[in-house]
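Going down the list, the protein sequences come from chains A, B and C. One gets the working numbering by counting positions in the first sequence from 1 and adding 2 to each. One gets the working numbering by counting positions in the second sequence from 1 and adding 96 to each. One gets the working numbering by counting positions in the third sequence from 1 and adding 378 to each. All residues carry an ideal CB built from backbone N, CA and C; glycine is no exception. As the structure is a computational prediction, the values presented were derived from the model and not from experiment. Note sheet for the following structure.
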Amino acid sequence: MSRSRTAWVVPTALAFGFAFLYVPILAMVVFSFNNSRLVTVWDAENSPTLKWYGALLHNQQILEAAELSLRIAVLNATGAAVLGTMVGLVLARFGQFRGRTLLSALTTAPLVMPEVITGLSLLLLFVALEQSIGWPAGRGVTTITIAHITFSMSYVAVIVQSRLSGFDDALEEAAMDLGARPLTVFRRITLPLIFPAILSGWLLSFTLSWDDLVISQFVAGPGSTTLPMIIFSKVRLGVTPDINALATLMVLVVALGVIGSTLLLQRQQKRLLRDQQLAAAGD
Amino acid sequence: MGCLKSRGGQRLSGVLARLRQWRPGRGLVIAVPMGWLLLFFLAPFVIDFKISLAQVQVAIPPYTPMFEWVQDKALAIRLHWHNYAFLFTDSLYIRSYIYSLQVAAVSTLFCLLLGYPMAYGIARAEPATRNLLLMLVVLPFWTSFLLRVYAWMGLLRNNGLINNALLSLGLIDTPIQMMQTDFSVYIGIVYSYLPFMILPLYTNLEKHDNTLLEAAADLGARPVTAFLRVTLPLSLPGILAGSLLVFIPVVGEYVIPSLLGRPDQLMIGRVLSDEFFANRDWPVASAVAILMLVFLLLPIMLFQRAQQRNAAGQT
Amino acid sequence: MSAPARSKAEPWRDAGLEPYVRIAGVSKRFGDFTAVDEVSLDIYKGEIFCLLGGSGCGKTTLLRMLAGFEQPSAGQLFIDGQDMAGIAPYERPVNMMFQSYALFPHMTVFGNVAFGLQQEGLPKSQIASRVADILDIVRMGEFALRKPHQLSGGQRQRVALARSLVKRPKLLLLDEPLGALDRKLREHTQFELISIQEQLGVTFVVVTHDQEEAMTLASRIGVMNRGKIVQIGTPHQIYEFPATRFVADFIGSVNLFEGQLVEDESDYVRVACPQLPVPVYVDHGVSAAPDASLWVAIRPEKITLERQQPDSRDNWARGVIKDIAYMGDMSIFVVLLPDGREVRVTAANVARKSGETFTWDDEVYLSWDASSPVVGSG
Numbered sequence: 003m004s005r006s007r008t009a010w011v012v013p014t015a016l017a018f019g020f021a022f023l024y025v026p027i028l029a030m031v032v033f034s035f036n037n038s039r040l041v042t043v044w045d046a047e048n049s050p051t052l053k054w055y056g057a058l059l060h061n062q063q064i065l066e067a068a069e070l071s072l073r074i075a076v077l078n079a080t081g082a083a084v085l086g087t088m089v090g091l092v093l094a095r096f097g098q099f100r101g102r103t104l105l106s107a108l109t110t111a112p113l114v115m116p117e118v119i120t121g122l123s124l125l126l127l128f129v130a131l132e133q134s135i136g137w138p139a140g141r142g143v144t145t146i147t148i149a150h151i152t153f154s155m156s157y158v159a160v161i162v163q164s165r166l167s168g169f170d171d172a173l174e175e176a177a178m179d180l181g182a183r184p185l186t187v188f189r190r191i192t193l194p195l196i197f198p199a200i201l202s203g204w205l206l207s208f209t210l211s212w213d214d215l216v217i218s219q220f221v222a223g224p225g226s227t228t229l230p231m232i233i234f235s236k237v238r239l240g241v242t243p244d245i246n247a248l249a250t251l252m253v254l255v256v257a258l259g260v261i262g263s264t265l266l267l268q269r270q271q272k273r274l275l276r277d278q279q280l281a282a283a284g285d
Numbered sequence: 097m098g099c100l101k102s103r104g105g106q107r108l109s110g111v112l113a114r115l116r117q118w119r120p121g122r123g124l125v126i127a128v129p130m131g132w133l134l135l136f137f138l139a140p141f142v143i144d145f146k147i148s149l150a151q152v153q154v155a156i157p158p159y160t161p162m163f164e165w166v167q168d169k170a171l172a173i174r175l176h177w178h179n180y181a182f183l184f185t186d187s188l189y190i191r192s193y194i195y196s197l198q199v200a201a202v203s204t205l206f207c208l209l210l211g212y213p214m215a216y217g218i219a220r221a222e223p224a225t226r227n228l229l230l231m232l233v234v235l236p237f238w239t240s241f242l243l244r245v246y247a248w249m250g251l252l253r254n255n256g257l258i259n260n261a262l263l264s265l266g267l268i269d270t271p272i273q274m275m276q277t278d279f280s281v282y283i284g285i286v287y288s289y290l291p292f293m294i295l296p297l298y299t300n301l302e303k304h305d306n307t308l309l310e311a312a313a314d315l316g317a318r319p320v321t322a323f324l325r326v327t328l329p330l331s332l333p334g335i336l337a338g339s340l341l342v343f344i345p346v347v348g349e350y351v352i353p354s355l356l357g358r359p360d361q362l363m364i365g366r367v368l369s370d371e372f373f374a375n376r377d378w379p380v381a382s383a384v385a386i387l388m389l390v391f392l393l394l395p396i397m398l399f400q401r402a403q404q405r406n407a408a409g410q411t
Numbered sequence: 379m380s381a382p383a384r385s386k387a388e389p390w391r392d393a394g395l396e397p398y399v400r401i402a403g404v405s406k407r408f409g410d411f412t413a414v415d416e417v418s419l420d421i422y423k424g425e426i427f428c429l430l431g432g433s434g435c436g437k438t439t440l441l442r443m444l445a446g447f448e449q450p451s452a453g454q455l456f457i458d459g460q461d462m463a464g465i466a467p468y469e470r471p472v473n474m475m476f477q478s479y480a481l482f483p484h485m486t487v488f489g490n491v492a493f494g495l496q497q498e499g500l501p502k503s504q505i506a507s508r509v510a511d512i513l514d515i516v517r518m519g520e521f522a523l524r525k526p527h528q529l530s531g532g533q534r535q536r537v538a539l540a541r542s543l544v545k546r547p548k549l550l551l552l553d554e555p556l557g558a559l560d561r562k563l564r565e566h567t568q569f570e571l572i573s574i575q576e577q578l579g580v581t582f583v584v585v586t587h588d589q590e591e592a593m594t595l596a597s598r599i600g601v602m603n604r605g606k607i608v609q610i611g612t613p614h615q616i617y618e619f620p621a622t623r624f625v626a627d628f629i630g631s632v633n634l635f636e637g638q639l640v641e642d643e644s645d646y647v648r649v650a651c652p653q654l655p656v657p658v659y660v661d662h663g664v665s666a667a668p669d670a671s672l673w674v675a676i677r678p679e680k681i682t683l684e685r686q687q688p689d690s691r692d693n694w695a696r697g698v699i700k701d702i703a704y705m706g707d708m709s710i711f712v713v714l715l716p717d718g719r720e721v722r723v724t725a726a727n728v729a730r731k732s733g734e735t736f737t738w739d740d741e742v743y744l745s746w747d748a749s750s751p752v753v754g755s756g
């Protein structure tokens, strides 16, 4: 069989690929419990220890930055969810209108636009705006949030649009046919259907904002230092154990969230399968 | 019947009909996000271009640099193309552009070579395993990009895990220099962007009908032939989308070259940011950005077409 | 293919009656494409009116204009005497059953059916009793708490029907109502639809591409082609007296011949067809110019096979049996005429009165009554 000659490629790539993705993260997690300040030398006598976690909790600078990042991430995710849902709705449901191509182009471009370009251009805009109309006064939470919404909303739009195109347009038409006005149609039909997409869009926007360094660096002002900015300035000087601890905490939160949602999804799929068997018995 | 009306009457009833149908909601739903994107995504490029044609103001007081500088700029509406000329005369910029394009192209290729079999394996796995594998691909996507690059620093440094392991095994006598080389840049980029390659590929491959391969086998094609003549051509849209999702942002990548990159050969994202933050030369930084955008215009347009076709295919 | 016997009046014959739906010169253009081309049509209370045509003939667009999802580019629509221009779908006294059923996936059967009544702001108790009533009519009462994906295709179809009927619309639009069902279920459901329609006294406008479905359901059929209505009539009229060549060809299977008018009297005509050895004699007059080029349509079931040459100066042909398809209750013969033209003949397998059986390569004579052929020039 010629199958056996090539059959090794896929499993090997999977094994190597996943090792490649996870070994660095695991190493970082393990060394967050290392006692030594020399990050890469395992101090077997005094490890594992939680001392870097303790240090982290007393690092005022990191805590303040984390709080600021959290605030921006929530604001951004909410704004992006609203605007992105509108775009997704328009692109999936509004048919042809003048400016559709433009809107669609303005939505896909931010997905790939290098961050340095977006960051620099937005800063120049903010400066020019402040110059001419006095708003936004200085740079800080507002400018960072606006910048983040601008690229996050594209992700929400793509997710919502793809979810909506999975549903028959006739659903909304049926609701209208049964006497529901456009706003009622949205509230009772469209919104419940795309809610999971909006939720994942919100979460993704939250992560994108929480994670963003480059754009924030351009549009932040003095006194608005986000967590990635602190991490970056520390990391540039080398590997530090408290960053390992911070990274571990972040990985933990994300892993719990993703695993939880995957399990939930799996349960839903099982239920769906059962329902389909039930339905097949109906005829 | 009274349904025959004069032309004028018909026009009037048409206008009335349109008036009754006029719902401000619809227009508003389009206008709000459109306005946002025009103001905060498109307009900045125009300003960027404008400033790239301005002159640099050398003496900037450190506390209010931006303010005063722009006020001066607002007065000078002369076009100065010398920023662009400068980019072409100083070999630093040209070399950085070429190096960035090269790094992006090579990284894209590596991502494809590793990501394609992975996406293929995931798409062909049993549904339960598939979800697990997909989750494992997506999980790093949700964790901090910065921290994942940082994780490699711990592995690649001269006194990092890899060198320590090799030293203690006696395989090498002196640490291998891995950090701040092309190698570390490629590792960092492929590592960070691999999920962007795998996801669109998976989405494409997952849709393939397995009976196509059975039909190919039935017609006498061996697995390799069936793959090359059926699966691969059908997955071209996925390859294109994934490659562009990696290539375009990598050209302007800043974090990875800053943490893992060569000190003697900068990528253009790093150059831009140095011009801006270190040299405070905003016009040159703007010109660097505009020129990068010109290089990327074609790939971005390709990406948009792929996305639109994808969206159209879904409906 | 026979319509169930109806003792109903034929309201379209009553000149004094106002039509319930009046479509007056309606056109719909999408860019350069004309989907519906100056259609005028009256539909009366209590009818089941079928719009029949192939895909892209404009039937669905016409239906969507009645529902209010599309606006006519020209012309007017009246429902119950009221001009529908500018009236939104949610303000029209019309309900629609969608081809895909469009059941709301996040609501139960009860929720789906109750949705329309909730829009009217009815009290909860009244909604509950009306939903229960209509679910009983479609025999879905015990499934009220299921979600759509827990139902089979036939059950979904009945929920969709209940949902569109619960508001007691005077006019119900049905877009390929049986298209998603398998054959057996479809036949059963056709009769169920008719009985529900008679029970509730609703006017139905049904869009379908399935001529059998149209034949069974319809009180009248409007055949559409390329955006135009080509013929309106009862199923019997459409089948027996197709007005155009397209209709003859589209409805059922038919043998079409080209010919010239040779004798033109008020009570009969003779048409000479080059493909047939003798003229076609038809016992009704035709309104066509002398020497006009005509088409002659003869249904396969109206042709008889014999071994002997018929003793007649017209209405027969000679050929060789090329193919036989046994269908159980009947057989289809494909007979090859000398010039290579194929003619389809169907014969019931019940009584072999002549004791004759035909087989491949037999030379046979085809003949038909003077009342069988339909002749036209359109």
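Any beta carbon from chain A within less than 8 Å of residue i's own beta carbon?
i, result
"C/Gln-528", "yes"
"B/Pro-213", "yes"
"C/Ser-478", "yes"
"B/Thr-160", "Note that B/Thr-160 has pLDDT 33, beneath the 50 cutoff, so the model's placement of it is unreliable and the number below is only indicative. Judged by the 8 Å Cβ criterion, B/Thr-160 is not in contact with chain A."
"B/Pro-140", "yes"
"B/Gln-361", "no"
"B/Gln-273", "no"
"B/His-178", "no"
Does residue i have its Cβ less than 8 Å from a Cβ in chain B?
i, result
"A/Leu-215", "yes"
"A/Val-253", "yes"
"A/Met-1", "With chain A covering only 3 through 285, there is no way to say anything about residue 1 of chain A."
On the CB-based measure, 16 or more other CB atoms within 10 Å of its CB, does residue i come out buried or exposed?
i, result
"C/Phe-411", "exposed"
"B/Met-214", "buried"
"A/Val-11", "exposed"
"C/Tyr-617", "buried"
"B/Val-142", "exposed"
"B/Ile-190", "exposed"
"C/Met-462", "buried"
Return the bridge partner residues of residue i from the DSSP annotation.
i, result
"C/Gln-609", "C/Val-601"
"C/Tyr-743", "C/Glu-684, C/Arg-696"
"C/Arg-407", "C/Thr-412"
"C/Gly-637", "C/Leu-672"
"C/Tyr-704", "C/Ser-709"
"C/Arg-648", "C/Glu-641, C/Tyr-659"
Is the shortest distance between the beta-carbon of residue i and the beta-carbons of chain C less than 8 Å?
i, result
"A/Pro-198", "no"
"A/Asp-244", "no"
With a cut-off of 8 Å on the beta carbons, I'd call residue i and residue j a contact; round off their distance for me.
i, j, result
"B/Phe-182", "B/Val-380", "7 Å"
"C/Pro-547", "C/Val-472", "6 Å"
Examine chain D for any beta-carbon lying closer than 8 Å to the beta-carbon of residue i, and answer yes or no.
i, result
"A/Leu-258", "The structure shown contains no chain D; the protein chains it does contain are A, B and C."
The segment 429-446 of chain C touching the segment 585-593 of chain C, judged by at least three CB pairs closer than 8 Å: Yes, the segment 429-446 of chain C is in contact with the segment 585-593 of chain C.
Three-pair Cβ contact test at 8 Å for the segment 143-154 of chain A versus the segment 69-84 of chain A: Touching, yes, given that three or more Cβ pairs across the two stretches are closer than 8 Å.
Stretch pair the segment 348-358 of chain B + the segment 275-285 of chain B: three plus CB contacts closer than 8 Å: yes
Cβ contact check for the segment 232-252 of chain A and the segment 55-71 of chain A: 3 or more pairs under 8 Å: yes
Cβ pair count under 8 Å reaching 3, the segment 227-244 of chain A against the segment 230-242 of chain B: The segment 230-242 of chain B and the segment 227-244 of chain A touch, with three or more beta-carbon pairs separated by less than 8 Å.
The segment 222-239 of chain B contacting the segment 250-267 of chain B, beta-carbon criterion three pairs below 8 Å: no
Three CB pairs or more closer than 8 Å across the segment 436-449 of chain C and the segment 599-611 of chain C: Short answer: they touch.
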